[in-house]
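Numbering (the working numbering), first residue to last: 40 to 256.
Structure follows, in structure tokens:
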């Protein structure tokens, strides 16, 4: 399914005041402190709240109140796992290496990369895939349509660097954070630079392999 560029999940209306910074200690306080390089004591402070709130604001996590809850920690934990992939994202061999050039999408780690056989040619890069109820479908696919600046008639938005590989599901650029919950409506969202690189490296008929399961689906 195509995904709108703008998504207002739990966003406050212009008339609503921004939530105040919470003094409450969240269940993932220590993990958030460690991730953000703060003093790890498991107790919320004004500095902790400001840092957590800045992270939430950057990635569109609401309410943006500085509380270290499950959604906030989920984004941080995912970033840690993506970083751990390093330059060998296919270490487990889950993406086929016998098809030549192929774009791999790991839903579990929300990562994508392009490889040629066993050689990594681009990535890995963070992606934003389908939310619960609109999951990006797994399996072997092929790019069948490319449109440099696709217009979604369903969502009335532009989808730059669209490369469709499964019905209405495509790689394409968005301007929001790759860690913005809850996810797309099925497409594999990418940062503009990564989507452009995929556009230049892939062509119609190239293989795509999607596997794993997005956290929270």
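Ideal Cβ positions, reconstructed from N, Cα and C, are used throughout, including at glycine.
- Inter-residue distance for residue 154 and residue 183 is about 19 angstroms (C-alpha atoms, whole angstroms).
- When the Cα atoms are used, residue 116 and residue 91 turn out to be separated by approximately 14 angstroms.
- In the three-state reduction of the DSSP assignment, residue 254 falls in the coil class, being assigned neither a helical nor a strand state.
- Sixteen is the threshold: when 16 or more other Cβ atoms of the shown chains lie within 10 Å of the Cβ of residue 146, as they do, the residue is buried.
- In this structure, residue 136 keeps its C-beta atom at 8 angstroms or more from the C-beta atom of residue 250.
- When DSSP states are grouped into helix, strand and coil, residue 152 belongs to the strand group.
- Counting C-beta pairs closer than 8 angstroms gives three or more between the stretch 202 to 221 and the stretch 157 to 176, which meets the contact rule.
- Residue pairing from DSSP places residue 189 in a beta bridge opposite 198.
- Assignment of residue 162 by DSSP, reduced to helix, strand and coil, places it in the strand class.
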